[in-house]
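Novice: Pasting a structure below so you can have a look.
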Amino acid sequence: MSRPRIVIVGAGFAGYRTAQTLSRLARGRAEIVLLNPTDYFLYLPLLPQVAAGILEPRRVTISLSGTLPHVKLVLGESDRIDLDARQVHYTGPEGEGGILSYDRLVLAAGSVNKLLPIPGVAEHAHGFRGLPEALYLRDHVTRQVELAATTDDPKRCASRCTFVVVGAGYTGTEVAAHGQLFTDSQVSRHPMRTGMRPRWILLDIADRVLPELDERLSRTADTVLRERGVDVRMGTSVKEATHDGVLLTDGEFVDTQTLVWCVGVRPDPLAESLGLPMERGRLLVDPHLQVPGRPEVFACGDAAAVPDLEKPGSYTPMTAQHAWRQGKVCGHNIAASFGDGERRAYRHKDMGFVVDLGGVKAAANPLGVNLSGIAAGAVTRGYHLAAMPGNRVRVAADWLLDAVLPRQAVQLGLVRSWSVPLDTASPELARVPGMPERTRGSAPGGPEAGTEPGKNQPGGEPARNQPGGEPARNQPGGEPARNQPGGEPARNQPGGEPARNQPGGEPARNQPGGEPARNQPGGEPAKNQPGVTPPPDQPPPGPDVAPGPVRRTDRFTEGDS
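Reading the sequence shown from the start, the letters are residues 1 to 561 in full-length UniProt numbering.
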């Protein structure tokens, strides 16, 4: 008798906890398959510390195969789900299609950046939902400070030293708080930067910082931000974003080269493609996290509209705390559907909130006790260490080193501006040149997972949502995209050696399919490679051009898409 197969789509807080719980309960009696585009679980609450140079990127990534040894990891992104056939169609990291059949399905695809119809925002802003975006922001902020120090134009210097963050929720507040400390540290210790005044502006249409939290936490955060020098403007947002800055709703134009978009999230588009009842883009489920009329389908996390039994008539908010708890309940209820235990309805009790404001400052109210200052900072870091499923010692070691040593403010040039667009269904993956972005629901079916799909087939599908990737192996055109999970790391991508054909460097050699690899942004395409042109506003290579994303407005040309 074959074991039943449970397929979990997504390895965020909800998906990871579901897999962890099922792995413990199933004890080998069921096959648990986890479909995810990356091989790690990202601990999002510490992402602002990566952008601020406190933590190294791998500290906030938890290995899926290392911490879930009894769960089968399939690298890929779900394109569509055939509910009647009980099949998940996906695209792997090298462009190959695949199909996963299931007996139970868990939809935990998470969320993506929330967009608003504001002119210029999609072109000039960057989100903060994935590791590539944090790495980009860290490099970009460092670059702006370094370029500001070399200009003789006071107006240009002020523009480069002005950083605008839109959204005063958890993420935006922490990004602004950590960002101000990060830029101040770069200026204060450098004698050639005397007189430079980095300026962070935090905007929100709400009437206070952290509007979703208790007012006392909000006042604590607001006080810390203002004392640190952050320009907090409530009741104000962006009316238009341009190449030279942003026009605010109060009529003021702010000269800036940096716009960070933290206005919130929206459910992953995969949930909407199922054609099932929805609630504001989220899949409606019952209190047991099952989809009505589809007892074999469960959903949890940001993709699910879960009834809030503590507040009848409402749904639980899209937070990491709810996603983590729902994942545990979902795992138990799936086990119960196979006769192991009793079903549970999802109920929650708020245990308090923590907001890390950088340094030793934080705002917290554990068990309803309001804390601020050093005490809140200790509680906040203790909470994160307890909540992380791994890397605790490494994170604590980085915190200790940051307390006694100056931060390393260097640009690595690993992520370019156009590779982390605001409007993307996959913020966890950086774009690569040459491959158009695909949308969910458009992938054809492929062979069952475990076979070798797509080999030697002409016209193979490119990796999903990776505009700019190279063709899959044995497909006409070349080798697999090199910054995809499972492939060879791309030069200038995390995990690979720096590209030599960046501005100011010599071209890389021995690229497959043609002459030295000039198909990186900033050079001409190599022969027999997919035609890629550099972003239209990118300056030519030269000694004054820094590697990595050169200007915030870099983007694909029309021909690339």
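Every residue, glycine too, gets a C-beta built ideally from N, C-alpha and C.
For ILE81, count the other beta carbons within 10 Å of its own beta carbon; 16 or more makes it buried, fewer makes it exposed. Which is it?
Specialist: The count along the sequence shown starts at 1 and reaches residue 81 at position 81. Buried: at least 16 other Cβ atoms inside 10 Å.
Novice: With TYR16 as the anchor, note down where its alpha helix (DSSP H) starts and where it stops.
Specialist: In the sequence shown, the residue the question calls residue 16 occupies position 16. Where TYR16 is concerned, the enclosing alpha helix (DSSP H) stretches over 13-26.
Novice: Is MET192 helix, strand or coil when you go by DSSP?
Specialist: For this step, residue 192 is matched to residue 192 along the sequence shown. In the structure shown, MET192 sits in a helix (DSSP, three-state: H, G or I).
Novice: Sort SER237, HIS384 and VAL415 by Cα distance to PRO45 and report the nearest one.
Specialist: As a first step, residue 45 is located in the sequence shown; it is residue number 45 there, counting from the start. When each option's Cα is compared against that of PRO45, the closest is HIS384.
Novice: Given this structure, state the Cα-to-Cα distance separating PRO447 from SER78, to the nearest angstrom.
Specialist: Within the sequence shown, numbered from 1, the residue matching residue 447 stands at position 447. Within the sequence shown, numbered from 1, the residue matching residue 78 stands at position 78. Any reading at PRO447 must be qualified, since the residue scores a pLDDT of 40, below 50, and its modelled position is unreliable; the value itself is stated next. Near 14 Å, if we compare the C-alpha coordinates of SER78 and PRO447.
Novice: Would you report the Cα separation of GLY95 and VAL33, rounded to the nearest angstrom?
Specialist: Within the sequence shown, the letter at position 95 stands for residue 95. Within the sequence shown, the letter at position 33 stands for residue 33. Those two C-alpha atoms are separated by around 20 Å.
Novice: Measure the Cβ-Cβ separation of LEU309 and PRO287 and say whether it is below 8 Å.
Specialist: Translated into positions along the sequence shown, residue 309 becomes position 309. Translated into positions along the sequence shown, residue 287 becomes position 287. Yes, these two residues count as a Cβ contact at 8 Å.
Novice: How many whole angstroms separate the CB atoms of VAL209 and PRO198, which I take to be in contact at a CB cut-off of 8 Å?
Specialist: Counted from its first residue, the sequence shown places residue 209 at position 209. Counted from its first residue, the sequence shown places residue 198 at position 198. Actually they do not touch by this definition, with Cβ atoms about 20 Å apart.
Novice: With TYR40 as the anchor, note down where its alpha helix (DSSP H) starts and where it stops.
Specialist: Walking along the sequence shown from the start, residue 40 turns up at place 40. Note, TYR40: premise wrong, no alpha helix (DSSP H); beta strand (DSSP E) at 40-42.
Novice: For LYS311, which option in LEU274, PRO295 and ASP350 has the closest C-alpha, if you only look at C-alpha atoms?
Specialist: Along the sequence shown, one-based indexing puts residue 311 at 311. Looking at the Cα atoms, ASP350 is the closest of the given residues.
Novice: For GLN408, is the classification buried or exposed, using 16 other Cβ atoms within 10 angstroms of its Cβ as the cut-off for buried?
Specialist: Counting from 1 along the sequence shown, the entry for residue 408 is found at position 408. So GLN408 ends up on the exposed side.
Novice: How should GLU174 be labelled, buried or exposed, when 16 other C-beta atoms within 10 angstroms of its C-beta is the threshold for buried?
Specialist: Here residue 174 is taken as the residue at index 174 of the sequence shown, counted from 1. That one is buried.
Novice: Are there 16 or more other CB atoms within 10 angstroms of the CB of ALA52, so buried, or fewer, so exposed?
Specialist: Looking up residue 52 in the sequence shown gives position 52. Buried, because 16 or more other Cβ atoms sit within 10 Å of the Cβ of ALA52.
Novice: According to DSSP, is ALA409 helix, strand or coil?
Specialist: Here residue 409 corresponds to residue number 409 of the sequence shown, with the count starting at 1. Note: ALA409 maps to coil in three-state DSSP.
Novice: Is the region 267-284 in contact with the region 293-308, if contact means three or more CB pairs nearer than 8 Å?
Specialist: These segments touch.
Novice: Determine, using beta carbons only, whether VAL165 and VAL260 come nearer to each other than 8 Å.
Specialist: Sequence index remark: in the sequence shown, residue 165 carries index 165 (1-based). Sequence index remark: in the sequence shown, residue 260 carries index 260 (1-based). It is a contact, given that the beta carbons lie within the stated cut-off.
Novice: Helix, strand or coil: how does DSSP classify PRO541 here?
Specialist: For the purposes of this step, residue 541 is taken as the residue at position 541 of the sequence shown. Model confidence at PRO541 stands at a pLDDT of 43, short of 50, so the residue's coordinates are unreliable and nothing is read from them.
Novice: Ordered along the chain, which non-local residues of its own chain (more than five positions away) have a Cβ less than 7 Å from that of residue 648?
Specialist: There is no way to answer for residue 648, as the model of the chain reaches only from 1 to 561.
Novice: When DSSP labels each residue in this structure, what does SER419 get in the three-state scheme?
Specialist: Taking the sequence shown and counting its residues from 1, one reaches residue 419 at position 419. Of the three classes helix, strand and coil, the one that applies to SER419 here is helix, per DSSP.
Novice: Assuming ALA122 and ASP423 make a contact with CB atoms under 8 Å, what is their CB distance in whole Å?
Specialist: By 1-based counting over the sequence shown, the position of residue 122 is 122. By 1-based counting over the sequence shown, the position of residue 423 is 423. Confirmed, Cβ separation roughly 5 Å.
Novice: Give, in chain order, every unbroken run of the beta strand (DSSP E) that is at least 3 residues long and sits entirely within the region 37-94.
Specialist: Fully enclosed beta strand (DSSP E) runs of 3 or longer: 40-42, 61-63, 72-75, 77-82 and 87-91.
Novice: Could you pull out every residue in the same chain whose Cβ sits closer than 6 Å to the Cβ of THR18, ignoring the five residues on either side in sequence?
Specialist: Reading the sequence shown from its first residue, position 18 is the one you call residue 18. Cβ neighbours of THR18 beyond the five flanking positions: ILE8, VAL106, GLY327, CYS330 and GLY331.
Novice: Return yes when the Cβ of GLN180 is within less than 8 Å of the Cβ of ARG228, no when it is not.
Specialist: As a first step, residue 228 is located in the sequence shown; it is residue number 228 there, counting from the start. As a first step, residue 180 is located in the sequence shown; it is residue number 180 there, counting from the start. Going by C-beta atoms, ARG228 is nearer than 8 Å to GLN180.
Novice: Quick check on DSSP: helix, strand or coil for ILE201?
Specialist: Here residue 201 refers to the residue found at position 201 when the sequence shown is read from its first residue. Three-state result, ILE201: strand.
Novice: How would you write the range of the beta strand (DSSP E) that VAL246 sits in, first residue to last?
Specialist: In the sequence shown, the residue the question calls residue 246 occupies position 246. Residues 245-248.
Novice: Considering only the alpha carbon of each residue, which of PHE13, LEU213 and LEU412 lies closest to ALA108?
Specialist: Position 108 of the sequence shown holds residue 108. Out of PHE13, LEU213 and LEU412, PHE13 has the C-alpha closest to the C-alpha of ALA108.
Novice: So does GLN411 have its beta carbon nearer than 7 Å to some heavy atom of the ligand COA?
Specialist: Ligands are entirely absent from the displayed structure, and the ligand COA is therefore not among its contents.
Novice: How many Å lie between ARG440 and PRO269 at the Cα?
Specialist: Position 440 of the sequence shown, counted from the start, is the residue given in the question as residue 440. Position 269 of the sequence shown, counted from the start, is the residue given in the question as residue 269. In this predicted model, ARG440 has a pLDDT of only 46, less than 50, meaning its place in the structure is not dependable; the value taken from the coordinates is given anyway. C-alpha separation (whole angstroms): 7 Å.
Novice: Got a sec? Which residues, its chain only, sit under 6 Å from GLY10 by beta carbon, not counting five neighbours each side?
Specialist: Here the question's residue 10 lines up with position 10 in the sequence shown. Closer than 6 Å at the Cβ level, and outside the excluded window around GLY10, lie ALA108, ALA109 and GLY110.
Novice: Are ILE201 and VAL254 closer than 8 Å when you measure CB to CB?
Specialist: Taking the sequence shown and counting its residues from 1, one reaches residue 201 at position 201. Taking the sequence shown and counting its residues from 1, one reaches residue 254 at position 254. It is a contact, given that the beta carbons lie within the stated cut-off.
Novice: Quick one: which unbroken beta strand (DSSP E) runs of 3-plus residues sit fully inside the region 298-356? Chain order, please.
Specialist: As far as the region 298-356 is concerned, its whole beta strand (DSSP E) runs of at least 3 residues are 354-356.
Novice: Within 10 angstroms of its Cβ, does PRO252 collect 16 or more other Cβ (buried), or is it exposed?
Specialist: For the purposes of this step, residue 252 is taken as residue 252 along the sequence shown, with counting starting at 1. The sequence as given places Glu at residue 252; Pro does not occur at that position. So GLU252 counts as exposed.
Novice: Can you tell which of ALA335, ARG344, GLY390 and TYR346 has its C-alpha closest to the C-alpha of ARG27?
Specialist: Position 27 of the sequence shown, counted from the first residue, corresponds to residue 27. Comparing Cα positions, the closest option is ALA335.
Novice: Which stretch, first to last residue, makes up the alpha helix (DSSP H) that contains PRO132?
Specialist: Sequence index remark: in the sequence shown, residue 132 carries index 132 (1-based). Here the alpha helix (DSSP H) through PRO132 covers 131-150.
Novice: Using three-state DSSP, classify ASP255 as helix, strand or coil.
Specialist: Walking along the sequence shown from the start, residue 255 turns up at place 255. Here ASP255 sits in strand by DSSP.
Novice: THR258 to LEU83, Cα distance in whole Å?
Specialist: Along the sequence shown, read from residue 1 onward, the residue named residue 258 stands at position 258. Along the sequence shown, read from residue 1 onward, the residue named residue 83 stands at position 83. Looking at the two C-alpha atoms, the distance is approximately 43 Å.
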